[in-house]
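Q: Numbering (the numbering used here), first residue to last: 27 to 226.
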Amino acid sequence: MSAELQDLDAQFDESLLVIRQGIEKLDKEKGEAKMQKYIDLENRLASLDDSLKSYRLEIYELDRGARAAYEKKAETYEAQVARLRSELTFKRPPTDREQLFGDGAAGPPKDYENMTATEMMGMGQEINRNDIDALRRANELLEGETVTIAAGTLAKLKGQGDELEKIGVDLGKIESNLDRSTKTLKIFARRVGADKVVWL
């Protein structure tokens with residue numbers, strides 16, 4: 027049992043090191059590559075959470091005397107994971123929506139109390155320009171998506187109309203065949219009644 031725990035200890039140390047290095051290198055990445063690295067690190071942390079649950083179960087099966095040291099290790103690992111998760115959250119890249127509407131956290135924090143009226147007016151105009159730009163970008167994005175969706179819907183409706191037309195033609199053929207079958211059965215029934223049919 028302790029051999030399994032020692033293996034898990036080695037895995038934890040290695041995983042924590044890889045995640046820590048990944049977080050440190052995250053600032054060097056840009057755009058989509060940065061988001062992919064971020065998601066990879068999030069997944070690694072989630073996997074580490076699962077491994078810690080298994081670690082806790084393994085500890086539970088130990089003798090009471092041997093548990094204390096491993097429980098202390100488990101608490102240390104959990105604290106390290108929580109700290110790494112906090113660091114990773116702080117470095118989360120902006121989403122498409124945040125890029126579209128601008129990152130409110132960009133730039134140093136403003137000292138509003140010490141700003142002059144001119145500076146406040148300038149800042150207000152800048153916010154107004156950013157809002158107008160964000161609305162323009164959102165409008166362009168929605169316009170493009172609307173045209174694409176409309177074209178796709180139109181093509182689907184045309185396909186469904188063609189299918190319904192074909193179903194109508196097939197139903198007409200079936201109805202015609204049923205009429206012929208009904209007439210044939212009536213003729214056959216009359217002949218049987220008049221004994222005009224020769225039975226073999």
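For each residue, glycine too, the CB sits at the ideal point set by N, CA and C.
Everything numeric in this text was worked out from a predicted model, so none of it was measured.
From the DSSP output, in three-state form, read off Met146 for me.
A: helix
Q: Measure from the alpha carbon of Glu101 to the alpha carbon of each residue in Ile85, Glu113, Asp89, then state which is nearest.
A: When each option's Cα is compared against that of Glu101, the closest is Ile85.
Q: Starting from Lys60, trace the alpha helix (DSSP H) both ways and give me its first and last residue.
A: 57-86
Q: Which residue comes first and which comes last in the alpha helix (DSSP H) that contains Ala220?
A: No alpha helix (DSSP H) contains Ala220, which DSSP labels as neither H nor E.
Q: Count the other CB atoms within 10 Å of the CB of Val107; is the residue buried (16 or more) or exposed (fewer)?
A: buried
Q: Where do the N-terminal and C-terminal ends of the alpha helix (DSSP H) with Val110 fall, by residue?
A: According to the sequence as given, residue 110 is Leu; it is not Val. Element bounds for Leu110: 90-116.
Q: Whose CA, out of Leu71, Tyr81, Glu55, lies closest to the CA of Asp33?
A: Of the candidates Leu71, Tyr81, Glu55, Tyr81 places its Cα closest to the Cα of Asp33.
Q: Assess, as a yes-or-no matter, whether the segment 140-149 is touched by the segment 89-101 under the definition of 3 or more beta carbon pairs within less than 8 Å.
A: no
Q: Cβ of Arg46 within 8 Å of Cβ of Leu110?
A: yes
Q: Quick one: measure Cβ to Cβ for Leu78 and Glu104, integer angstroms, because I've assumed they're closer than 8 Å.
A: Going by Cβ atoms, the distance from Leu78 to Glu104 rounds to 6 Å, so yes, they are a contact pair.
Q: Residues in the same chain with beta-carbon distance under 7 Å from Leu52, minus the five sequence neighbours each way, listed in chain order, please.
A: Lys60, Lys63, Tyr64, Lys117
Q: Classify Phe214: buried if its beta carbon has 16 or more other beta carbons within 10 angstroms, exposed otherwise.
A: exposed
Q: If you compare alpha carbons, which of Glu30, Phe38, Thr174, Val44 is closest to Leu74?
A: Phe38
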